[in-house]
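Numbering (the working numbering), first residue to last: 19 to 199.
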């Protein structure tokens with residue numbers, strides 16, 4: 019069984035990935051390849067740099083390059099979760115490989131609070147910058163990202179406006195239980 023997680027920054031995709039990992043799923047992020055490339059180039063791991071590198075990879079190898087690499091790197095696993103899906107070509111490639119898609123959604127202010135609290139290298143931005151980045155990723159203002167177009171392919175949507183991860187995990191279990199039993 020393979021699942022793909024689609025959602026905006028701070029929506030809770032990583033927490034859903036943790037839940038799947040607790041059931042023995044191998045979890046991989048399409049962004050891992052971008053981070054590795056940034057490290058090879060000795061560049062910072064901020065959101066703008068990662069987006070720039072993503073755009074470069076996609077311009078050179080096609081919009082589905084991250085999904086293709088993720089599929090290749092997970093060939094030895096039967097149970098896989100793909101995180102950080104941001105382009106419809108990634109969805110197309112993953113869907114052709116039997117992936118079921120889950121959307122994770124939360125209100126913008128809640129998501130901003132979450133990213134402010136987690137303090138990743140990509141998260142040190144003010145609310146206005148967060149909103150601009152979020153809109154660009156969601157509405158496809160950046161050629162290599164269009165979460166809204168990906169969202170249309172979700173088989174299920176999970177609301178994550180609550181603070182308790184156990185509530186989120188119960189909601190995920192309820193909607194995917196039939197697929198993983």
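Even glycine gets a Cβ: it sits at the ideal position worked out from N, Cα and C.
{"Check": "Relative to the C-alpha of residue 19, which residue among 109, 118 and 190 is closest?", "Outcome": "118"}
{"Check": "Under 7 angstroms Cβ to Cβ from residue 45, same chain only, skipping five residues before and after it: list those, please.", "Outcome": "35, 38, 39, 99 and 101"}
{"Check": "Is the separation between the beta-carbon of residue 178 and that of residue 30 shorter than 8 angstroms?", "Outcome": "yes"}
{"Check": "Starting from residue 41, trace the beta strand (DSSP E) both ways and give me its first and last residue.", "Outcome": "Careful: residue 41 lies outside any beta strand (DSSP E) and carries neither H nor E."}
{"Check": "Give, in chain order, every unbroken run of the alpha helix (DSSP H) that is at least 4 residues long and sits entirely within the region 100-156.", "Outcome": "106-114 and 126-136"}
{"Check": "Let's see if you can read the secondary structure: which residues bound the beta strand (DSSP E) around residue 23?", "Outcome": "20-25"}
{"Check": "Between residue 154 and residue 28, is the Cβ-Cβ spacing less than 8 angstroms?", "Outcome": "no"}
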